[in-house]
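J.: In the working numbering, the protein residues as written are 31 to 711. Below is the structure I would like to discuss, written out as structure tokens.
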Ligand code: ADP
Ligand code: ZN
Ligand code: ZN
């Protein structure tokens, strides 16, 4: 056995063989430097072989096998292999993605102990003595056990159910914001640590805050906690990965990419806000961290807990059919009652800058009482478009099929799709008219309007513009917590994972657009957003109120919100999906292509479709069509949906199809990818 099979980060669905006279079994899972073309690359050894199956190839020798850290374990490689198979992505691209950038490049971070000296998977230390090596453990070893609330009956049941799982099981923890889900996770983690295991907790992008880290750290002062997200500095991320790999990390708290952390004693996976779209990566390896988490739990034969107030319909469906076990937390832990949700019928009302009289009155009352309000509008910028009424000119992005959004705060026009920006023209570029008008309404415009209408109020806008860095975002949160803002204007950024004790009113404006969107998942997203944003109000001892402005006051989605009835909404949606044959009653994959012209994109998709026809047993092939937003960054995009009632049928079709797709001729500049279980259409 003197050949190593290496996964290299290349868009080719194969491994690369190299000679390695000194390689042994223990080198499987090690990084390796190899010559490639005129240069060199770093990859991962995934197998040894006695002979190459690349016929006639003159094999080159590896440059160096990197033995400076523990080898990646077999189960980690198996996880990557599963993702490569399931998402139809070359294994080298998966392993490369799953490694922190520094390790991927063949480097190592500086550690307190050399990485290779850390024994992989040490025996678990007793919980009451100071475990392991980290400085943090030592300094906090004398901290007394933190106080815990007395669990409510439903929480107790949930904790017991999780602890009682033998082997693999998926549990859905369904409970509104404030019902004590996090408390249940913490107890479940505690039980795992007491057995010497490792726990992995995944949270949405935006929910991984110092607050959450602090809460976990305060509960487990002696535990070794590692955070993982893509925003971290290279060295810190690599160190966290090595601590997980060596078994020293006991809790890993992270965003979607943390699902790839190697954890030799992993005993529990938690996915909080499992419905959140940020668990699905929209580029490169288009994986769903939630789905990968479930697969990983199955692989390791351990429980996985999915938590949400508004589970994804896929998850809810599995819970309804008994495949997942449903655990309900029916009431809030602290506030006495759920916020009162009211529908404000705006059909016959003349709104003031988009706000109804009822909402304005509500804001006024909160101001008088010294409480906070939030106006929720999921559209940032001042106005979605700048227009010249006499000649019909509107601000369009030259690179995308999209309008340029007016940002008055910094006097720019901006494309929210490609990032293109330009100064606001003083006059219409077409006719010279100087009276250009903003059309529609974004958060900046609402902020301005509210500041004028309530001069005594401190108005604070929270969106991706005002919270453009984690630091600014933390500063905004601190301002809210300190009670130094009266009226918040915010997008969905504000909807997740934060307690605002003074907030008692939420007004939702401009929500109707999502009711009739072409994307069949739009209502599901709207319901989750409104439920979540409503859940921000009325915690602690102040009752909350939610006002939803709408021209469709009788829409079942809004009625279900009034009744706080997720289950009714979910069942109605599932009925519609069953009739329409949409997921979860079918399984989908989307082939997308982009090129300089739409003809090129569609021609490729058409060729792909013809290649698929002979293979498509039990699989429906739809037509190749331009994408709804056809032009992005000067590229013209098309898509082709394939669908099947059977996941295995779809999977075996995709595997066969990919081979044909790789063999297709492509015009220069054309790029394509396959998105399995696509979330966006
Ligand atoms: P969720 O994750 O569902 O939003 P949390 O676990 O964060 O809910 O709980 C909401 C608040 O209630 C937190 O401040 C938490 O400390 C508190 N809490 C949770 N469970 C209990 C309990 N059994 N008794 C008292 N307070 C609780
Ligand atoms: Zn653009
Ligand atoms: Zn004009």
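Ideal Cβ positions, reconstructed from N, Cα and C, are used throughout, including at glycine.
I'd like to check one pair, residue 134 with residue 126: are the Cβ atoms closer than 8 Å?
T.: Contact flag set, yes.
J.: Going by DSSP in three states, residue 500 sits in which element: helix, strand or coil?
T.: Reduced to three states, the DSSP call for residue 500 is helix.
J.: From this set, 518, 593, 349, 492, which residue's C-alpha is nearest residue 604's C-alpha?
T.: When only C-alpha atoms are compared, the closest one is 349.
J.: By the three-class DSSP mapping on this structure, what secondary structure does residue 257 have?
T.: Correct three-state label for residue 257: strand.
J.: At a threshold of 7 Å, does residue 68 count as lining ligand 1 (C-beta to nearest heavy atom)?
T.: No - ligand 1 has no heavy atom lying nearer than 7 Å to the Cβ of residue 68.
J.: Can you check DSSP and say which residues form a bridge with residue 28?
T.: Any question about residue 28 goes unanswered here, given that the chain covers just 31 to 711.
J.: Where does residue 230 sit, in a helix, a strand or coil, going by DSSP?
T.: Residue 230 falls in the strand class under three-state DSSP.
J.: Is any heavy atom of ligand 3 found at a distance shorter than 7 Å from the C-beta of residue 460?
T.: Yes, the beta carbon of residue 460 sits closer than 7 Å to at least one heavy atom of ligand 3.
J.: Buried or exposed: which applies to residue 215, given that a residue is buried once 16 or more other Cβ atoms fall within 10 Å of its Cβ?
T.: It counts as buried.
J.: Between 491, 463, 78, which has its C-alpha nearest residue 55's C-alpha?
T.: Here the closest residue by C-alpha is 78.
J.: Nearest by alpha-carbon distance to residue 594: which of 369, 72, 533 is it?
T.: When only C-alpha atoms are compared, the closest one is 369.
J.: Taking 7 Å as the cut-off, does the CB of residue 429 come closer than this to any heavy atom belonging to ligand 2?
T.: Result yes, Cβ under 7 Å from ligand 2.
J.: Please say whether residue 432 and residue 467 have beta carbons closer to each other than 8 Å?
T.: No. Outside cutoff.
J.: Please say whether residue 332 and residue 198 have beta carbons closer to each other than 8 Å?
T.: A contact, by the Cβ cut-off of 8 Å.
J.: From the DSSP output, read off the bridge partner residues of residue 624.
T.: Its beta-bridge partners are 667, 701.
J.: Any residue with its Cβ nearer than 6 Å to a heavy atom of ligand 1 should be included. What is that list in chain order?
T.: Here the list is 179, 180, 181, 182, 185, 205, 207, 208, 209, 210, 211, 212, 213, 363, 364.
J.: Closer than 7 Å: is that where the CB of residue 420 sits relative to any heavy atom of ligand 3?
T.: Under cutoff, so the answer is yes.
J.: Can you tell me the Cα-Cα spacing of residue 529 and residue 407, whole angstroms?
T.: Rounded to the nearest angstrom, the two C-alpha atoms are 19 Å apart.
J.: Looking at the structure shown, is residue 478 part of a helix, part of a strand, or coil, going by DSSP?
T.: The answer is helix: DSSP assigns residue 478 an H, G or I state.
J.: Quick check on DSSP: helix, strand or coil for residue 160?
T.: With a pLDDT of 35 at residue 160, under the threshold of 50, the modelled position of this residue cannot be trusted, and the question is left open.
J.: Take residue 421 and list the residues in its own chain whose beta-carbon comes closer than 8 Å to its own, dropping the five residues that flank it on each side.
T.: Excluding sequence neighbours, residue 421 sits near 458, 460, 461, 463.
J.: Using DSSP with H/G/I as helix, E/B as strand and the rest coil, what is residue 417?
T.: Of the three classes helix, strand and coil, the one that applies to residue 417 here is strand, per DSSP.
J.: Check whether the Cβ of residue 423 lies closer than 7 Å to any heavy atom of ligand 3, and answer yes or no.
T.: Within the cutoff, so yes.
J.: In whole angstroms, what is the alpha-carbon distance linking residue 329 and residue 689?
T.: Distance between the alpha carbons of residue 329 and residue 689: 27 Å.
J.: Can you tell which of 561, 636, 399, 327 has its C-alpha closest to the C-alpha of residue 112?
T.: Considering only alpha carbons, the answer is 327.
J.: DSSP has residue 356 in a bridge; who is on the other side?
T.: Bridge partners of residue 356: 202.
J.: Output the residue ranges of the beta strand (DSSP E) runs that lie fully inside the stretch 51-85 and measure 3 residues or longer, sorted by chain position.
T.: Counting whole runs of 3 or more residues, the stretch 51-85 contains the beta strand (DSSP E) stretches 61-66, 69-79.
J.: Specify, as a first and last residue, the run of the alpha helix (DSSP H) that residue 598 falls within.
T.: 596-610 is the extent of the alpha helix (DSSP H) around residue 598.
J.: CA-CA distance, residue 698 and residue 82?
T.: Cα to Cα, the separation comes out at about 32 Å.
J.: Do you know whose CA, among 485, 636, 608, 627, lies nearest residue 667's CA?
T.: It is 627 whose Cα lies nearest to the Cα of residue 667.
J.: I need the DSSP call for residue 348, collapsed to helix, strand or coil.
T.: Note: residue 348 maps to helix in three-state DSSP.
J.: Does the distance from the C-beta atom of residue 274 to that of residue 139 stay below 8 Å?
T.: No; because the gap between Cβ atoms is not below 8 Å, this pair is not in contact.
J.: Cβ of residue 453 versus every heavy atom of ligand 2: is any distance shorter than 7 Å?
T.: Answer for residue 453: no, Cβ out of range of ligand 2.
J.: According to DSSP, residue 338 sits in a beta bridge with which residue or residues?
T.: DSSP lists 204 as partners of residue 338.
J.: CB-CB under 8 Å to residue 679, same chain, minus the five flanking residues each way: which ones, in chain order?
T.: Excluding positions up to five away in sequence, the list reads 647, 648, 649.
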